[in-house]
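For the sequence shown, position 174 (counting from the first letter as 1) is numbered 982 according to our numbering, and the numbering increases by one without interruption.
Glycine residues also receive a C-beta, built at the ideal position from the N, C-alpha and C atoms.
Being a predicted model, the structure only gives us computed values, none of them experimental.
Right, one structure below, let's go through it.
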Amino acid sequence: MPPELSVLSRDDAPASEALSPESVYLTQREGGTLYIDERGDRFRRRVERTGDAWDVRLEREHDEGSPEPVRTVELVRTPKGEIAMRALIDHAGVGPGRSRRGSRVVFEPPLVLLPASLGSEDAFESQAGARLFMRGGSEDDSSGEAGEARRSARLGASERLKLRTAEAAHKDHSRGHIEARVVEAELDLRFGRTRIRRTERLWVHPDLGIVAEAAGVRVSFAGIQVDRREHLHVMASEATPTPP
């Protein structure tokens, strides 16, 4: 069943408390957070600690068989307390037609996604070098293509949401309502004449993490759009959050 996401009210007044990057990227339910997309497909987001880093994996779940990897993000914490992305992996064979090659983008140095504290009046930007490796073809690209990455983010309004698939997820929204902060962000990748832009709107609860995500990806070559993808993921997990 497709999810329902409705904004019931909006408060544009600055929040008294800043938003931590851990609450956005590292908070999950026990066993991973389940999301439902606009087609009714199920996706589970898992956060796994690996030494001094975290692997954030998104997997498509099926009624039978093993989960299908969709995307993996490797995150690290900087000495300033920021959360930064070390690598972004899009797995091969995912999506309509199931013929898309996978890719891995490595950021040098890791690209900061959010500062240690993001307040209502803050506008955040970061940049880093990037190298793109294509995967899943007849042979992997071993050298990669050098490019650059830019990230911007801002903390928006507080919104009261109605989430049909998360009616019992937390005592604060036992009727299907939840208060969430909005984070608007953009990732801009450029490799030669190829440009990849990902825009996202995240609804974040400080205890539950990301309760909904609306994202779009645009790929262009020499200024001509060659690919476009959009999705809406709404949290369906009803388990207790697990601290990062």
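Taking just the CA atoms, how far does residue j sit from residue i?
| i | j | result |
| --- | --- | --- |
| L1010 | F851 | 16 Å |
| L995 | R1001 | 17 Å |
| A1022 | P887 | 30 Å |
| R885 | A892 | 6 Å |
| E992 | S874 | 33 Å |
| L1130 | G848 | No answer is possible for residue 1130: the residues shown for the chain start at 809 and end at 1052. |
| E1038 | I1004 | 13 Å |
| G859 | L997 | 28 Å |
| P918 | I1032 | 29 Å |
| S1028 | G839 | 37 Å |
Can you check whether the CB of residue j is closer than 8 Å to the CB of residue i?
| i | j | result |
| --- | --- | --- |
| Q935 | A954 | no |
| R943 | A900 | yes |
| S911 | L940 | yes |
| R837 | A965 | no |
| R985 | L963 | Checking the sequence shown, residue 985 turns out to be His, not Arg. No, they are not a contact pair. |
| T880 | G1017 | no |
| G937 | E967 | no |
| A861 | L883 | yes |
| H1013 | A1044 | no |
| I844 | V1042 | yes |
Label residue i either buried or exposed according to how many other C-beta atoms from any shown protein chain fall within 10 Å of its C-beta, with 16 as the threshold for buried.
| i | result |
| --- | --- |
| A1030 | exposed |
| L827 | buried |
| V1034 | exposed |
| P923 | buried |
Thinking C-alpha only, which one of the options is nearest residue i?
| i | options | result |
| --- | --- | --- |
| S831 | A1023, L1040, V990 | V990 |
| S814 | V1019, E1038, E890 | V1019 |
| T1007 | R1036, D930, L971, I897 | R1036 |
In chain order, what residues of the same chain lie with their CB nearer than 6 Å to the CB of residue i, ignoring the 5 residues before and after it?
| i | result |
| --- | --- |
| H870 | none |
| S960 | E933, E994 |
| I897 | T880, R912 |
| E890 | V920, P923, A924 |
Is residue i close to chain D? Criterion is C-beta to C-beta, closer than 8 Å.
| i | result |
| --- | --- |
| T1002 | No chain D appears in the structure shown, which is made up of a single protein chain. |
In its own chain, which residues sit with a C-beta less than 7 Å from the C-beta of residue i, not counting the 5 before and 5 after it?
| i | result |
| --- | --- |
| S925 | A826, S828 |
| D790 | The structure shown does not extend to residue 790, since the chain is modelled only from 809 to 1052, so the question has no answer here. |
| E872 | none |
| A931 | R962 |
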